[in-house]
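Read the structure below first, then the notes.
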Amino acid sequence: MALDWKKVLIVGLSSIVVSCVLYVSAIHWEHRTNDVIGPGRFSNSSLKSVTILFRHGNRAPMFTYKTDPHKNAFPEGKSELTKKGKQNMYKKGQILRRLYNGFLSDLYLDSEILIKTTNKIRTYMSAAMVLAGMYPPKGYQKWSDTETVWQPIPIYNNSPDHGTLFDERGKCPAFDTTFKKLNTLFNNNTDQDTTTLMSYLSEKCGQLITNTNIIKLYDLFICQALTNFNIALFLKIAEGLTLPEWIKPYHIEKIKSIIMTKKSSEMIYENLRLQKIIIGPLLNEIGLNMESNLNNNETRKMHLYSGHDISIAMAMSFLGNTIELPDFGASLHFHIHHDEINEDTVKVYFYNRWDNEEGKEVPILNCGNPCKFKDFKNMLDNSLSGKWTEECQELES
Numbered sequence: 153m154a155l156d157w158k159k160v161l162i163v164g165l166s167s168i169v170v171s172c173v174l175y176v177s178a179i180h181w182e183h184r185t186n187d188v189i190g191p192g193r194f195s196n197s198s199l200k201s202v203t204i205l206f207r208h209g210n211r212a213p214m215f216t217y218k219t220d221p222h223k224n225a226f227p228e229g230k231s232e233l234t235k236k237g238k239q240n241m242y243k244k245g246q247i248l249r250r251l252y253n254g255f256l257s258d259l260y261l262d263s264e265i266l267i268k269t270t271n272k273i274r275t276y277m278s279a280a281m282v283l284a285g286m287y288p289p290k291g292y293q294k295w296s297d298t299e300t301v302w303q304p305i306p307i308y309n310n311s312p313d314h315g316t317l318f319d320e321r322g323k324c325p326a327f328d329t330t331f332k333k334l335n336t337l338f339n340n341n342t343d344q345d346t347t348t349l350m351s352y353l354s355e356k357c358g359q360l361i362t363n364t365n366i367i368k369l370y371d372l373f374i375c376q377a378l379t380n381f382n383i384a385l386f387l388k389i390a391e392g393l394t395l396p397e398w399i400k401p402y403h404i405e406k407i408k409s410i411i412m413t414k415k416s417s418e419m420i421y422e423n424l425r426l427q428k429i430i431i432g433p434l435l436n437e438i439g440l441n442m443e444s445n446l447n448n449n450e451t452r453k454m455h456l457y458s459g460h461d462i463s464i465a466m467a468m469s470f471l472g473n474t475i476e477l478p479d480f481g482a483s484l485h486f487h488i489h490h491d492e493i494n495e496d497t498v499k500v501y502f503y504n505r506w507d508n509e510e511g512k513e514v515p516i517l518n519c520g521n522p523c524k525f526k527d528f529k530n531m532l533d534n535s536l537s538g539k540w541t542e543e544c545q546e547l548e549s
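Counting from 153, one number per residue, gives the positions in the sequence shown under the numbering used here.
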C-alpha cells in the first residue's frame, strides 16, 4: 500500500509542533528572564527601605541510618546545599527581582544593596545564588562574551543572626542551659505510643532510635522527600527520592507530634530570653538600618540576610505570629514606607517557601495599625536591648 506522503508530512509537522510546545513549557521557568516589563509589585514611591531575611535552599540531611537506601544520595556532605537547593535559590532571586524591579535598579549597585550571611557554607552559597538570580550581568557589567548568568557581588559574613547556636555548643551558656532543658523534655516523653514507635523505627532503621536522635531522623525524611511540613503533601518529593515503604504519613505525623509540642514551642520560639539571644541582634540591626535610611545616613535601599528557619520562626514569634518551622527558601520582608498622613510606617510580609510569589502581610503585635516606625523602634529597644555577651552569660535560676 502506497504511503500518503502528505498525511505523513502533516503528522510529522504536528508532532514537531507538539514536542516544541511541551519542551518550551518544561523549561519555561528556567528561561524566564529578569527583563521585566513594567515595575514590580513593590515599586511604589512610598517604599523607602527593604530588609529581607531568607532561609537557605534545600540542604542535605545531618543524619543517616544503617538501612537508609539513599546513603550516597547527597555527595555535597551533611547539611550542605544540594543541587536542587542551588536551583531553587537562583529562582528565589528571580522572584525578588520581579517583586522589586523598579525599586531596585536594573544593574547591580553597591550603594543600593548589601547582603550578609551566617558562617555556614549553605547560607553563603544560597546568598550567591539569590544574587545571581537578581542581577544577571547586563550592559557594562557583562564581563564575558559567553557568561550571561553570573557576576561577582560581595557577600559579607558578619550577619548578627545567631540561628547557628543550635550547632555551636559552648558559645552561649544561657542558650546551652535552655537546650538541655529541651532535651530533658524530649527524654521524658515515654508514653506507650512513643515507645512503640521508637521500637518500630529502631527495627526498620537497623539501629537504636531514641528521643535524642529522632529529630535528626525527622530532618532526614524532610530533606529526602518532603517539600514542606504539610503532611498532606507528603508524597511530593524534594530531592527526587522516595522514602522506604515502611514509612507512612502517620509515622511522620507522630514523629512531628513528639518533637514539635506546645511546650517546646514555648521554650524556644516564644521565649523572650532566647529571642533576645538568637534574633535580637539582627532585629536591632534591621531597626538601625531603617533609621539610618530615614535620616538619609544610609544610601542602601535593600539589605538581605541569608539565614535559617529558626531565625525566621523566632522573628515571626517576636512580632506576635506563631508558625511552624518555615520551608527552604522562605523569607520575611520588612518594608518601611513614608507618606504625609501616617509618616513612616512598617509593614512585614511572609513568604513561606522559595517559590511563593504572593506572600502575605503579617500583623505586628503591640505596634498598632498602621505600625509607625517610631513605635516599632521603641518595641525593639524595650524588648531586645542589652549586650549579647551579657545575655549569654546570665543563667536562669
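For glycine and all other residues, C-beta sits at the position ideal for the given N, C-alpha and C.
Segment limits, alpha helix (DSSP H) that includes residue i
i	result
residue 374	366-377
residue 440	432-446
residue 282	273-286
residue 237	235-252
residue 531	525-536
residue 320	No alpha helix (DSSP H) contains residue 320, which DSSP labels as neither H nor E.
residue 545	540-545
Residue burial classification, residue i (beta-carbon count within 10 angstroms, cutoff 16)
i	result
residue 418	exposed
residue 234	buried
residue 320	exposed
residue 301	exposed
residue 437	buried
residue 457	buried
residue 503	buried
residue 545	exposed
residue 409	exposed
residue 291	exposed
residue 402	exposed
residue 308	exposed
residue 251	buried
residue 493	exposed
residue 335	exposed
residue 272	buried
residue 506	buried
residue 296	exposed
residue 318	exposed
residue 497	buried
residue 218	exposed
residue 353	buried
residue 472	exposed
Member of the options whose CA lies at the smallest distance from the CA of residue i
i	options	result
residue 432	457, 480, 314, 403	314
residue 542	428, 410, 216	428
residue 561	274, 393, 439, 266	For residue 561 there is no data in the structure shown, the boundaries of the chain being 153 and 549.
residue 337	545, 413, 481, 193	413
residue 119	325, 440, 354, 363	Residue 119 falls outside the range modelled here, since the chain spans only 153 to 549, and no answer is possible.
residue 430	442, 411, 501, 459	459
residue 214	537, 501, 365, 343	365
residue 440	328, 531, 354, 376	531
residue 226	333, 354, 210, 325	210
residue 425	538, 303, 197	538
residue 270	447, 208, 416	208
residue 371	351, 346, 405, 343	405
residue 276	262, 305, 258	305
residue 358	515, 216, 400	216
residue 260	407, 508, 303, 330	303
residue 221	258, 322, 373	373
residue 223	347, 369, 350	369
residue 470	499, 495, 435	435
residue 554	407, 325, 399	The first residue shown for the chain is 153 and the last is 549, placing residue 554 beyond what the model contains.
Residues near residue i by beta carbon distance below 7 angstroms, same chain, minus five either side
i	result
residue 527	519, 520
residue 465	421, 475, 477, 478
residue 199	255, 487, 489
residue 186	Note that residue 186 scores 49 on pLDDT, short of 50, meaning its location in the model is unreliable and no value can be drawn from it.
residue 333	419
residue 212	226, 228, 229, 230, 231, 232, 234, 375
Extent of the continuous beta strand (DSSP E) to which residue i belongs
i	result
residue 201	199-207
residue 265	265-269
residue 514	512-514
Own chain residues within Cβ distance below 8 angstroms of residue i, not counting five before or after
i	result
residue 453	200, 201, 202, 255, 256, 264, 265, 445
residue 310	268
residue 204	248, 454, 455, 456, 457, 483, 484, 485, 486
residue 316	270, 271, 272, 460
Residues near residue i by beta carbon distance below 6 angstroms, same chain, minus five either side
i	result
residue 387	Residue placement at residue 387 is poorly supported in this model, since its pLDDT is 40, which falls under 50; the coordinates are not used for a value here.
residue 282	241, 244, 245
residue 501	485, 511, 513
residue 540	433
Runs of beta strand (DSSP E) lying entirely within the stretch 453-494, each at least 3 residues, in chain order: 454-459, 483-491
Complete alpha helix (DSSP H) runs within the stretch 393-432 (minimum length 4 residues, chain order): 401-411, 414-420, 424-430
Residue ranges of each alpha helix (DSSP H) run of no fewer than 4 residues wholly in the stretch 326-361, ordered along the chain? 344-357
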